[in-house]
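For the sequence shown, the positions run 3 to 320 when our numbering is used. Heads up, the thing below is written out as structure tokens.
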Amino acid sequence: MPAPSSSLATLRPELGGCMEEFDLAMDRQGFIGLQVLPVKEVNVQAGSFGIIPIEQLLKKRTTNRAPGAAYARGDWKFEPATFATKEEGLEGVVDDREAKMYTNYFDAEVATLQLTVDGLLREFETAIADQIFNATTWTPTAVTNEWDDFTNATPITDVNARVKAMWEATGIWANSLIINKRVFRNLRQCDDITEKIRSIDPKFQGEVGIDHLRQAFDLPNIIVAGSAKNSAGQPNLTIAPVWSDEYAAVARIAETDNIKEPCVGRTFHWSEDGSSIGGTAETYREENVRGNVVRCRLDVDRKLLYTAALQLLSNITT
Numbered sequence: 003m004p005a006p007s008s009s010l011a012t013l014r015p016e017l018g019g020c021m022e023e024f025d026l027a028m029d030r031q032g033f034i035g036l037q038v039l040p041v042k043e044v045n046v047q048a049g050s051f052g053i054i055p056i057e058q059l060l061k062k063r064t065t066n067r068a069p070g071a072a073y074a075r076g077d078w079k080f081e082p083a084t085f086a087t088k089e090e091g092l093e094g095v096v097d098d099r100e101a102k103m104y105t106n107y108f109d110a111e112v113a114t115l116q117l118t119v120d121g122l123l124r125e126f127e128t129a130i131a132d133q134i135f136n137a138t139t140w141t142p143t144a145v146t147n148e149w150d151d152f153t154n155a156t157p158i159t160d161v162n163a164r165v166k167a168m169w170e171a172t173g174i175w176a177n178s179l180i181i182n183k184r185v186f187r188n189l190r191q192c193d194d195i196t197e198k199i200r201s202i203d204p205k206f207q208g209e210v211g212i213d214h215l216r217q218a219f220d221l222p223n224i225i226v227a228g229s230a231k232n233s234a235g236q237p238n239l240t241i242a243p244v245w246s247d248e249y250a251a252v253a254r255i256a257e258t259d260n261i262k263e264p265c266v267g268r269t270f271h272w273s274e275d276g277s278s279i280g281g282t283a284e285t286y287r288e289e290n291v292r293g294n295v296v297r298c299r300l301d302v303d304r305k306l307l308y309t310a311a312l313q314l315l316s317n318i319t320t
């Protein structure tokens with residue numbers, strides 16, 4: 003049976019509360035994609051915009067003005083860039099019979115919605131992870147001692163070298179370290195990290211946390227991914243991290259909504275067709291399966307903008 007047109011589907015705003023509650027659960031699972039590529043709302047599905055090349059931002063300018071003379075004018079030249087959002091979505095069936103069978107245990111419609119949202123957002127997260135931890139887009143710098151070699155690893159030196167390399171190449175200071183949960187847990191045990199923290203706070207006796215890593219690396223954002231995926235596919239099961247523990251990234255991520263801000267990338271989101279960034283819930287009836295179909299959808303373009311605003315590290319975990 004072909005899917006119904008959007009005019010036959012019913013928006014379900016009353017399910018929003020369930021989705022908001024589920025968003026918290028997703029956050030606990032460590033979805034970080036929208037921290038790395040923050041959302042930029044757009045009012046058209048596709049369009050053009052300008053990116054200022056780094057060499058233009060840093061170009062030497064003449065600012066002296068003689069009495070009676072005109073002021074010098076900047077000659078900034080923009081490079082053209084485009085975005086085009088695409089619709090992504092997933093459906094789940096709420097079978098009438100199963101809904102009645104399990105009505106005393108859970109709300110089948112809400113459960114199906116949450117599973118559908120999970121499936122959609124996990125694929126969304128995987129797409130961003132594949133963009134960022136990408137050894138084709140960037141040539142990784144391999145660390146000498148893996149960060150799970152707690153005695154010999156030098157993560158502070160490794161990260162500082164990439165921060166310096168980015169600044170020397172672009173004039174941009176990195177503001178983020180992107181790692182997964184396993185790497186985070188390894189860093190907490192590295193002598194290099196604990197010695198640095200004790201040099202800052204001689205009385206330190208507790209466990210290393212995010213704030214300690216911010217101090218140790220001198221970076222405002224330590225972004226830790228915790229989500230998992232089945233890399234084998236059904237019916238087999240092989241658990242793997244969505245964000246690989248083979249890589250870490252030093253990056254400049256967007257801090258404002260200004261499209262001219264140099265950053266590694268953004269998620270362009272178009273809401274005019276009813277999309278919401280956390281997923282829009284809809285339902286429609288399908289009699290041939292005797293059930294209601296729950297749909298979750300969104301309209302986005304995950305766009306890399308300044309590839310020079312990221313340095314990729316590899317050989318992070320043994």
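From the three backbone atoms N, C-alpha and C, an ideal C-beta is built for every residue, glycine too.
| Check | Outcome |
| --- | --- |
| Simplified DSSP state of THR143, which is helix, strand or coil | strand |
| Backbone CA spacing between GLU277 and GLY70 [nearest angstrom] | Per the sequence shown, the amino acid found at residue 277 is Ser instead of Glu. Roughly 55 Å between the two C-alpha positions. |
| Inter-stretch contact at 8 Å, needing at least 3 Cβ pairs: the segment 219 to 229 / the segment 244 to 254 | yes |
| Neighbourhood of VAL44 by C-beta, 6 Å cutoff - its chain only, sequence neighbours within 5 removed | PHE270, TRP272 |
| Exposed unless 16 or more other CB atoms sit within 10 angstroms - verdict on LEU59 | exposed |
| Best match in GLU274, MET168, GLN207 for proximity to ALA311 [C-alpha to C-alpha] | MET168 |
| DSSP bridge partner residues for TYR104 (one or two, in chain order) | Answer is none; TYR104 lacks a bridge partner. |
| Buried/exposed call for GLU22, threshold 16 Cβ in 10 Å | Confidence at GLU22 is low in this model, with a pLDDT of 49, below 50, so the placement of that residue is unreliable and no value is reported for it. |
| Segment limits, alpha helix (DSSP H) that includes VAL119 | 110 to 134 |
| Contact with chain C by PRO204, beta-carbon distance below 8 Å | Going by chain labels, chain C is absent from the structure shown, which holds only one protein chain. |
| The segment 193 to 212 touching the segment 279 to 290, judged by at least three CB pairs closer than 8 Å | no |
| Selected residue, minimal CA-CA separation from ALA110, among THR118, VAL119, GLU100 | GLU100 |
| Start and end residues, alpha helix (DSSP H) containing GLN313 | Not the alpha helix (DSSP H): GLN313 falls in the beta strand (DSSP E), residues 312 to 316. |
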